[in-house]
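**Q**
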């Protein structure tokens, strides 16, 4: 185990602990320690990720990613479901900002419109009508907090480590056999990539090619062109799916209303 | 006006349309108007059938005149076929076993695309039989006669049913079934293909089943329907075997000639009858087909279903179980005359079956107290007569059988509808002991029933006389011709037996008539307030049928029109050339007619003596000849015998199989089933119903997978 | 911009969103919050897709994200209807109200030790503004005059 | 880079100050209009402080603002403090942020060569959807404010409001979609430019779209006859019942901002934006080339602002002339009338866009427009015939007849 791997392990453990402390439990809450540990974990993970672009871009990215992730953690750890929903709204805004940072204007706006504007508001509706004060016991309890937190943290750790191995091949650990260190070093990154089953990445796009295609000024027209030519059948399928969902939701609620009426008619029978 | 093909298609087509319309709309839309499609369609079919009859007659006559010499030489009749569409094509279905290897090697390198015609090579063409089942309709005199009979009787019965069924809950269902039946029956008689014949043979069986069990809520009706279906299966099994044998023998199932192969009853084979397979094959085919006919036409071993079928609505009994469907066997045997002529043994079996049936049924009918059952047994008896006619083996006999079929349809439908009228008035009671003296309350029924009874008893000018007389005459002719034949004794016995049966027929018919309409007036309490004459919609069909029963025999017998017309049928035309006797000597049998009329009158007189008024002799006979009476009354114990011979052993077998299934096989399966149960029990605790738990399991699975993938 | 680093960063953010979503889905018992966590996982996937879309200079990723949003909308509609119905029947949003689909011989999961409900804050009447004179009670007035 | 940021900053500052001031003075305007409609005087006293100059009451907004700001920051004890504070901030922030993509003029040419587009975010390609995204975020301010107040009137107001806003977002976007289908862009400045180039405002080319859009804008801005969220007579002010001081000020300002946004959108999408025949056309002034001189840019800004002002006046007059809808009527109108009308508009516009060339060849431009008018009239007639009368206030059974018993 080299330093990099240790970093990931520590980050994973501290992340699991942080999530466990932050999750609602019966008595002990330790939110401050949890927050601190979470920040440490986030920092450790971030330390292994090279940051893009110049200082301004880096700042923007760090702020966006930080807000997104912090809001995400808050979403799953706050007790009041209304707060959870609002934090999720902030997560969505962060994701939307990340999209915009990538140049995906349409998606960033569409995410806000559909998710934040419609879906989350609907959830807020339900939450407000079902339990206006957020005082139910099940919001103050977690199911297997430690296990869940560990599962999520390990998932993050494994994925991050894999990403690191793919994107930063020269920093990958040497082969497991200590005797072959020299050989592995000599054969270089490509051999290492082969040994770890990592497929070679394509060449990153140049700024000009991006401007010509995915960052073109007529962004929406391009996206629409892709949607309605190559992915037309999928668009149709999605349309049908929406229709079916509409009918399904309506019929479910109509059935519920019917049941209610029936019960009221026949004296709770 | 119409092309003959149009008629051929329209006649079955209209009832089919009606059936579809009634089935689709009857319950929701038509309801009490459900009879309209059926009446219109069957009426139209009847009209078109009559047109077809005239057209066939004209064309046949034209053919006869045009190619007189040639026709006389080949003795071909008139036929017309029309293929609506080809239903199934299996080319080269069966390469012959002997040449299988060669055939296979040939086909393997033949580059012919599928669908090309079979090679004309004579050595392979016999083996390369292609099965082509076309929906092929035919028109010839036999078919035309059958079509007219079927549709005319159906029309009258349908009209009658409007009154009879008027407030039944299954009104639309009834007319759907009847339309379907008319479609099936017309298709059956116009099929030009044994396969198609078989299909509609089954279809009429299905309709019969549905209609017998029409009041399926009554257990007796349901059981009767099932019995009819099962007994028919026995016959149909034989029929199917016969078809297989025909197929392997002749390589085709068509009646008519086609480009691929000469038909079984086609001009080619008829012109050269030596090509018919003889020997045991012919006998086997004929006997198997006869088995089918026995099932459908209720002949001796398989007749047991018909009396029970009287559980269905009375119009149905009149239409299907007296006038039309049960004659399908007679029709089929007539159609296959050339096959039967090849095998004398089979002919004698037909004769014997007919004789036994006629006598047996007549004997049973003597003592039955149920009016409809008396009529049912008389139907069986008369069908037996038809088979006697067919079994005589001479052309006059066969034609006489068909003629009897024709006339019998009218007066038996009349009698059944009359019985239905009585039953309608009596509130569903049909036991003759419970009513009597109805002649004043139901004058129309009474008079028409009388005409029907006279026709059935074969009294001189009525329809039954001419046809039955023709049959008896044919037998006597045969006796005379076969003076020195080996089986002359058989024919002699049959002659006397048929005369005796005629007497019995007259007796039981008038017994029923007198018991119903004469004597002290007696009305069961079920009749309620409607113990009166039936409505006009029911009586008019009776009057029409009565009129037909009076005139139809004389009209058609006069100048032997019916015979001459029927002779134009190809198979019969051929037979007329082959028959041992030339046609046309029919009618020179005055003494026979006198004898049979006398016999009938004796029977009527006896019935009048015994049942007009209260006679002590009836009771005396019943007491003194108690065993004879019981045998007749219990229908010769045939049902119990069948019960003992077939049903109980089968039930025992079923019980044993059930035991085997439950105790051995199921146990085994249970034990096999316990293995996964045991495995499942060990992991059952995982099925906790907790959604987060499942999700957790999924996540861990995912983690393991990722771990394996990234190593 | 360094496209590779950008991709790496976005992938990491996406992975973290997915992981946090998993934690929320597993640990939380409020069905709506679980659903929010689910949506968060979808967001993580969307982030990675969009970043790949940019890295490959191909519209496929963004198009797929459009479809993810569509599917999420459908899912939200159906799930919300179902959740409402479940809520109506059980009177709560706890996902553990619904464990009837367990094996018959498995004991139900029952929380024996429920947390204390938080104390309702005592009714605090609004303060008067600090300015002004505090009114005296009747008793005080009496004492001062005795 | 820095320069761009600076320009954007300047635009933001100008726009926010302008908008806030405008909102303040619109309050005054509204009160004056109300007074005028009701035949009274209205606020006309406050002028320049410390003098006796009244100036038609133009000092009133200043006084109001000061009053709001210096009132005590009162937080009821039973509210959820975080949300209670967050809600008005979020609604004001979104209301302001909408203007990032709304052009408030065409271009300004400074010093002969530098052109400045009068949009905060000039290159944003999905501008129209951005507007919708942020206006849908405005729901949060309302619903959270209502919930956080912990007051049943507030909660009801918040729920009503969010239901209303979500419901009317659909016809609003359908109205927009008609324009988008025809112009083929989501950029608002492009929409204006299309109208200016053709010289035909979409109000004439898509009357049905205009109707749908205007009605839906009224509902989105929660103005009478759609002011159910507040409904002072029923809900004591709705979601801001518990608010006071600067937080209430934020809500009120945001409300006026919504009205301004709606007016801007109506003007941009349907009334030709900065375009006016003869007045803003460069050709009419004898100017060649693409360049737009500074004074013409200013003229265009003035034209745009004048149009917006007229639309705002229309909003205000409507407020004092129409009664309020009932909630079921509101919803029926949204789902059973506006939505089908919007779809009809989109279908009509799609047909026009698809068969533009043959139709124009056959009928001419005027003929096509006439055709859309005929279609609009037909659609409205059909809608009037099919839709039950929403002003029918007779009592009827609320339960749907599911059992078929009656």
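Chains as they are written, first to last, in the working numbering: chain A, -12 to 256; chain B, 31 to 741; chain C, 34 to 179; chain D, 1385 to 1790.
Glycine is no exception: its CB is placed at the ideal position from the N, C-alpha and C atoms.
Keep in mind that this is a model prediction, so the values were computed, not measured.
Do residue 105 of chain C and residue 72 of chain C count as a contact pair if the criterion is CB distance below 8 Å?
**A** yes
**Q** Start and end of the beta strand (DSSP E) containing residue 1492 of chain D?
**A** 1491 to 1494
**Q** Would you decide whether residue 694 of chain B is buried or exposed? Buried here means 16 or more other CB atoms lie within 10 Å of its CB.
**A** exposed
**Q** How many angstroms separate the CA atom of residue 68 of chain B from the CA atom of residue 46 of chain B?
**A** Straight-line Cα distance between these residues: approximately 9 Å.
**Q** Whole-angstrom Cβ separation of residue 719 of chain B and residue 44 of chain C, contact assumed at under 8 Å?
**A** With a Cβ gap of about 36 Å, residue 719 of chain B and residue 44 of chain C do not count as contacting.
**Q** Taking 8 Å as the CB-CB cut-off, is residue 66 of chain C touching chain A?
**A** yes
**Q** Short check: CB of residue 1691 of chain D to CB of residue 1655 of chain D, under 8 Å?
**A** yes
**Q** Using a Cβ cut-off of 8 Å, which residues of the stretch 110 to 138 of chain C contact any Cβ in chain B, in chain order?
**A** Within the stretch 110 to 138 of chain C, the residues whose Cβ lies closer than 8 Å to some Cβ of chain B are 128, 129, 131, 132, 133, 134, 135, 136, 138, listed in chain order.
**Q** In the DSSP output, which residue or residues are listed as bridge partners for residue 169 of chain B?
**A** B/110
**Q** For residue 234 of chain B versus residue 214 of chain B, is the C-beta distance shorter than 8 Å?
**A** yes
**Q** Please confirm if residue 1683 of chain D has its CB atom under 8 Å from at least one CB of chain A.
**A** Residue contact check for residue 1683 of chain D against chain A: no CB pair falls below 8 Å.
**Q** Could you spell out where the alpha helix (DSSP H) holding residue 288 of chain B opens and where it closes?
**A** Run containing residue 288 of chain B: none; DSSP gives neither H nor E here.
**Q** Hey, is residue 145 of chain A's beta-carbon within less than 8 Å of any beta-carbon in chain B?
**A** yes
**Q** For a cutoff of 8 Å on Cβ pairs, would you count residue 729 of chain B as touching chain C?
**A** Closer than 8 Å: yes.
**Q** Does residue 43 of chain B come within less than 8 Å of chain C when only Cβ atoms are used?
**A** Answer no: the Cβ-Cβ gap between residue 43 of chain B and chain C never drops below 8 Å.
**Q** Three or more C-beta pairs under 8 Å: does that hold for the stretch 408 to 428 of chain B against the stretch 382 to 395 of chain B?
**A** yes
**Q** Excluding sequence positions up to five away, which residues of its chain have a Cβ less than 6 Å from the Cβ of residue 586 of chain B?
**A** 592
**Q** Just checking: is the beta-carbon of residue 138 of chain A within a distance shorter than 8 Å of some beta-carbon in chain B?
**A** yes
**Q** How close, in whole Å, do the beta carbons of residue 1659 of chain D and residue 1580 of chain D come, if the pair is a contact with beta carbons under 8 Å?
**A** That belief holds up - the Cβ atoms of residue 1659 of chain D and residue 1580 of chain D are roughly 4 Å apart, short of 8 Å.
**Q** Show which residues of chain C have a CB atom less than 9 Å away from the CB atom of residue 123 of chain A.
**A** 63, 125, 126, 127, 150
**Q** Quick one, are the C-beta atoms of residue 1542 of chain D and residue 1685 of chain D less than 8 Å apart?
**A** no
**Q** Just how far apart, CA to CA, sit residue 1696 of chain D and residue 1664 of chain D?
**A** 22 Å
**Q** If the criterion is Cβ atoms closer than 8 Å, does the pair residue 72 of chain B and residue 175 of chain B meet it?
**A** no
**Q** Under 8 Å Cβ to Cβ from residue 662 of chain B, same chain only, skipping five residues before and after it: list those, please.
**A** 393, 394, 396, 397
**Q** Hey, could you find the ends of the beta strand (DSSP E) residue 1327 of chain D is sitting in?
**A** Chain D is shown only over 1385 to 1790; residue 1327 of chain D falls outside these bounds and no answer can be derived.
**Q** Alpha carbon to alpha carbon, how far is residue 307 of chain B from residue 86 of chain B?
**A** Spanning the alpha carbons of residue 307 of chain B and residue 86 of chain B requires a straight line of approximately 31 Å.
**Q** Suppose the cutoff is 7 Å on Cβ atoms and the five residues either side in sequence are ignored; what does the same chain contact list for residue 484 of chain B look like?
**A** 492
**Q** Whole angstroms are fine: how far does the CA of residue 527 of chain B sit from the CA of residue 301 of chain B?
**A** 37 Å
**Q** I'd like the list of long-range same chain contacts for residue 1604 of chain D, defined as Cβ closer than 8 Å, with 5 residues on each side in sequence excluded.
**A** 1519, 1549, 1552, 1553, 1556, 1642, 1646
**Q** When the cut-off is 8 Å and only beta carbons count, does residue 1790 of chain D lie next to chain A?
**A** Note that residue 1790 of chain D scores a pLDDT of 43, beneath 50, so its modelled location is shaky and nothing firm can be said.
**Q** When you compare the CB of residue 59 of chain A with every CB in chain D, is at least one pair closer than 8 Å?
**A** no
**Q** According to DSSP, simplified to helix, strand and coil, what is residue 127 of chain B?
**A** Because the pLDDT of residue 127 of chain B is 43, which lies under 50, any placement of that residue in the model is unreliable, and the question is left without a value.
**Q** Of all the CB atoms in chain A, is at least one closer than 8 Å to the CB of residue 1507 of chain D?
**A** True, the Cβ-Cβ gap to chain A drops below 8 Å.
**Q** Is residue 149 of chain A close to chain B, meaning its C-beta is less than 8 Å from at least one C-beta of that chain?
**A** yes
**Q** Just mark residue 295 of chain B as buried or exposed, buried being the case when its beta carbon has 16 or more other beta carbons within 10 Å.
**A** So residue 295 of chain B counts as buried.
**Q** The alpha helix (DSSP H) spanning residue 106 of chain A covers which residue range?
**A** Counting along the chain, residue 106 of chain A falls outside any alpha helix (DSSP H), and DSSP gives it neither H nor E.
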